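Read the structure below first, then the notes.
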Amino acid sequence: MSAASQVAAPSGTKEIAPNVCHICGFTGCGIGIGFTSPRDNDPRWLCTDCTMLIEDIKKVKRMTAYEMRAREGGVEAAAPVIAAYGSRLEEYTDEQAAELAGVIWAGCAKRLREIIRSGDAPF
Ligand SMILES: [Zn+2]
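Under the numbering used here, the letters of the sequence shown match residues 95 to 217, in that order.
In structure tokens form, the structure reads like this:
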């Protein structure tokens with residue numbers, strides 16, 4: 095989700111979303127890890143939970159590998175919702191589908207932070 099902090103503006107230029115966590119995509123809190131050199135133009139905002147890992151986040155070199163491994167957390171988080179509502183997504187109400195998406199997103203973000211915090215490379 096590292097690209098989540100940049101969105102395409104209608105004009106085709108990139109604008110920086112001011113309130114999206116660079117790591118997990120949840121709402122940012124106004125603290126970023128960007129601007130480490132004069133050429134940086136992305137503040138790389140963080141959410142409150144991710145600010146607790148700033149020093150660990152700075153050590154991550156290949157975020158994609160962490161994101162790929164973090165998907166396991168989303169799968170695990172989805173299991174109880176699927177157990178409750180069934181495996182046929184087309185039969186879900188809009189609220190149930192949104193709940194499933196929410197728990198998957200939160201599960202991925204939680205696992206991503208756990209992996210980053212552990213200091214172990216996910217590959
Ligand atoms: Zn975050």
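Note that CB positions come from ideal geometry on N, CA and C, so glycine has one too. Since the structure is predicted, the reported quantities are computational estimates derived from the model, not experimental observations.
(request) Pull up the distance between the alpha-carbon of residue 122 and that of residue 184, whole angstroms please. (result) For this step, residue 122 is matched to residue 28 along the sequence shown. For this step, residue 184 is matched to residue 90 along the sequence shown. Cα to Cα, the separation comes out at about 32 Å.
(message) Can you tell me where the alpha helix (DSSP H) holding residue 169 begins and where it ends?
(response) Taking the sequence shown and counting its residues from 1, the one referred to as residue 169 is at position 75. Counted as a single uninterrupted DSSP element, the alpha helix (DSSP H) harbouring residue 169 occupies residues 157–179.
(message) Can you give me the C-alpha to C-alpha distance between residue 96 and residue 118, rounded to a whole angstrom?
(response) As a first step, residue 96 must be located in the sequence shown, where it is residue number 2. As a first step, residue 118 must be located in the sequence shown, where it is residue number 24. Because the pLDDT at residue 96 is just 43, under 50, the model does not fix this residue reliably, and the point stays unresolved.
(message) Between which two residues does the alpha helix (DSSP H) holding residue 189 run?
(response) The residue given as residue 189 occupies position 95 in the sequence shown. 188–212 is the extent of the alpha helix (DSSP H) around residue 189.
(request) Give the single residue among 139, 143, 135, 195 whose Cα lies nearest to the Cα of residue 115. (result) For this step, residue 115 is matched to residue 21 along the sequence shown. When 139, 143, 135, 195 are compared, the shortest CA-CA separation from residue 115 is found for 139.
(message) Rounded to whole angstroms, what is the Cα-Cα separation between residue 142 and residue 167?
(response) Within the sequence shown, the letter at position 48 stands for residue 142. Within the sequence shown, the letter at position 73 stands for residue 167. Roughly 19 Å separates the two Cα atoms.
(message) DSSP has residue 114 in a bridge; who is on the other side?
(response) For the purposes of this step, residue 114 is taken as residue 20 along the sequence shown, with counting starting at 1. Assignment of beta-bridge partners to residue 114 by DSSP yields 121.
(request) Label residue 211 either buried or exposed according to how many other C-beta atoms from any shown protein chain fall within 10 Å of its C-beta, with 16 as the threshold for buried. (result) Residue 211 sits at position 117 when you count from the first residue of the sequence shown. Exposed, because fewer than 16 other Cβ atoms sit within 10 Å of the Cβ of residue 211.
(message) Going by DSSP in three states, residue 140 sits in which element: helix, strand or coil?
(response) One-based indexing of the sequence shown puts residue 140 at position 46. Reduced to three states, the DSSP call for residue 140 is strand.
(message) Relative to the C-alpha of residue 190, which candidate in 161, 176, 120 has its C-alpha closest?
(response) In the sequence shown, counting from the first residue as 1, residue 190 sits at position 96. Residue 176 is the option with its Cα nearest to residue 190.
(request) Using 10 angstroms around the beta-carbon of residue 216, count the other beta-carbons present and answer buried if the total reaches 16, otherwise exposed. (result) Along the sequence shown, one-based indexing puts residue 216 at 122. Its Cβ being crowded by 16 or more others within 10 Å, residue 216 is buried.
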